[in-house]
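Q: Numbering (the UniProt record's numbering), first residue to last: 1 to 517.
Here a beta-carbon is modelled for each residue, glycine too, at the ideal position from N, C-alpha and C.
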């Protein structure tokens, strides 16, 4: 009898096993023998699979056995830390727990409690997968184990914007990798369901939808994404969100989608950009740029700087596309706004935007040269152009664009018809920027040797510089000729013989080397 008492019963053994399971790390459950993988990763593949299982849609009607449908581990709860969710930068949404059952009030309370717990587990597992999907190995493992089918099932039935956001976020990370992106495209009906999410009114869901669509348009099968977006009501919705949201992140993501269209294949441009222009894209971008410029000059909110940058990048890209260039480049309001940005005093905060503005102005003046007359006497604009050079040390194209604008500016200066006091202002700016000019010319010569540019390309890039340097030389020579007739106090400040001579030497040295090309 004593021996039999020391032998545990089957029920006791099962109870002990359950007690042991309670202390097994829920983050890394043991993998069943048939689910072991030879994959080089720091995360157990069976753990990823268990997370996918827990994302299967909740069955709301079975109030007595609420569980994640398809999971074989009903007692296993993944206690993912909230840090995973916080790392997404997303706030909790109050529209959770929309599931409803039948029965009396007590049954409703019990069901809601069970469903709330289930949703909490779902969210925690979803956030972990969202993070894991950023890794290519994990992302490929996830799509091989039907995560896309699970996410699609959730999007089809969920009433929770938080669930929708997490589903789109996971797919947005998956779409950053070539193989998972192909799986998304090949999943029947998935792209259409993703596009449908554009008609939600939740900011975070829209941000993730725009991010996902942008990745799709940058992939090898971008035509399928473009064809899903080409319908007028969808394009109108994109423009409406872009123009009416006050959320900086959503503006950035929506304009980012536009930028992805522009930077995609030529056929995407034909499918989407022409209809968007007809629907008023240019007007929307003008309104956005006007708003961001007002925020920049009045409030200077750092979180809005990326928004300004992506708007300018979109405009700069549009101005070189045939179906868009005329409308963008001939828009005087856009031109005036970007010129105002060039004159913005604190360029360090928005240096990237200022560089893009310089490129946009150069492209605009190439298409509409007459606009240069409106800035030909704007000395703060000239000074602003030189102030941008320190931010373009690694961008030879941007430096060439700035010289192009400077040359167009200076050819309209009539130094022979100008009073000494007016000429003095031009000389003052040129001498104050002599170090910037010298540094850029040195970098230009270094780039030419390093890149071994072709004769045609090198000549085209040097023409604007050489023309600008010749105009600078002419202005300085005119000042030298006038100085003997000017009052002494007019010759003070920076306009000294030594500084003028130094800048003339710089211009002459590069001018000769430039003409020899």
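1) Taking the Cβ atom as the reference point for each residue, do residue 209 and residue 177 lie within a distance shorter than 8 angstroms?
2) Helix, strand or coil: how does DSSP classify residue 416 here?
3) Please name the residue in 224, 160, 355 whose C-alpha comes closest to that of residue 188.
4) The alpha helix (DSSP H) with residue 210 in it runs from where to where?
5) What residue range does the alpha helix (DSSP H) around residue 312 cover?
6) Can you tell which of 127, 392, 504, 344 has its C-alpha closest to the C-alpha of residue 298?
7) DSSP state of residue 354, grouped into three classes?
8) On the three-state DSSP scale, how would you describe residue 137?
9) Taking 8 angstroms as the cut-off, does the region 411-424 touch the region 371-386 (at least 3 CB pairs, one atom from each stretch)?
10) How is the alpha helix (DSSP H) around residue 496 delimited, first residue to last?
11) Can you tell me which of the three DSSP states residue 176 falls into?
12) My output table needs one value for residue 57: the three-state DSSP class, helix, strand or coil.
13) In angstroms with no decimal places, state the Cα-to-Cα distance between residue 282 and residue 397.
14) Under the rule that 16 or more other beta-carbon atoms within 10 Å means buried, what is residue 353, buried or exposed?
15) Going by CA-CA distance only, name the one from 181, 441, 272 that's closest to residue 525.
16) Using the three-state DSSP reduction, which class does residue 474 fall into: helix, strand or coil?
17) Within 10 Å of its beta-carbon, does residue 389 have 16 or more other beta-carbons around it, so buried, or fewer, so exposed?
18) Assign residue 506 to one of two classes, buried (16 or more other C-beta atoms within 10 Å of its C-beta) or exposed (fewer than that).
19) Under three-state DSSP, which class holds residue 346?
20) The alpha helix (DSSP H) that contains residue 380, what's its start and end?
21) Counting C-beta neighbours from all protein chains within 10 Å, is the total for residue 496 16 or more, i.e. buried, or is it exposed?
22) Does DSSP classify residue 500 as helix, strand or coil?
23) Ignore the nearest five residues each way along the sequence and tell me which others in residue 192's own chain have a CB closer than 7 angstroms to its CB.
24) How many angstroms separate the CA atom of residue 518 from the CA atom of residue 291?
25) By the three-class DSSP mapping on this structure, what secondary structure does residue 116 have?
26) Is the beta carbon of residue 362 less than 8 angstroms from the beta carbon of residue 317?
27) Residue 150 and residue 180: beta carbons closer than 8 angstroms?
28) Find out if the Cβ-Cβ distance for the pair residue 334, residue 289 is shorter than 8 angstroms.
29) Return yes when the Cβ of residue 238 is within less than 8 angstroms of the Cβ of residue 198, no when it is not.
30) Excluding the five sequence neighbours on either side, which residues of its own chain have a C-beta within less than 6 angstroms of the C-beta of residue 221, listed in chain order?
31) In whole angstroms, what separates the C-alpha of residue 482 from that of residue 416?
32) So, using beta-carbon positions, are residue 503 and residue 434 closer together than 8 angstroms?
33) Quick one: what does DSSP say residue 258 is sitting in, helix, strand or coil?
34) Which of helix, strand or coil does DSSP assign to residue 505?
A: According to the data block:
1) no
2) helix
3) 224
4) 203-217
5) 305-318
6) 344
7) helix
8) helix
9) yes
10) Element bounds for residue 496: n/a, residue is neither H nor E.
11) coil
12) coil
13) 25 angstroms
14) buried
15) Residue 525 falls outside the range modelled here, since the chain spans only 1 to 517, and no answer is possible.
16) helix
17) buried
18) buried
19) coil
20) 379-388
21) exposed
22) helix
23) 228
24) Given a span of 1 to 517 for the chain in the structure shown, any question on residue 518 remains unanswerable.
25) helix
26) no
27) no
28) yes
29) yes
30) 185
31) 10 angstroms
32) yes
33) helix
34) helix
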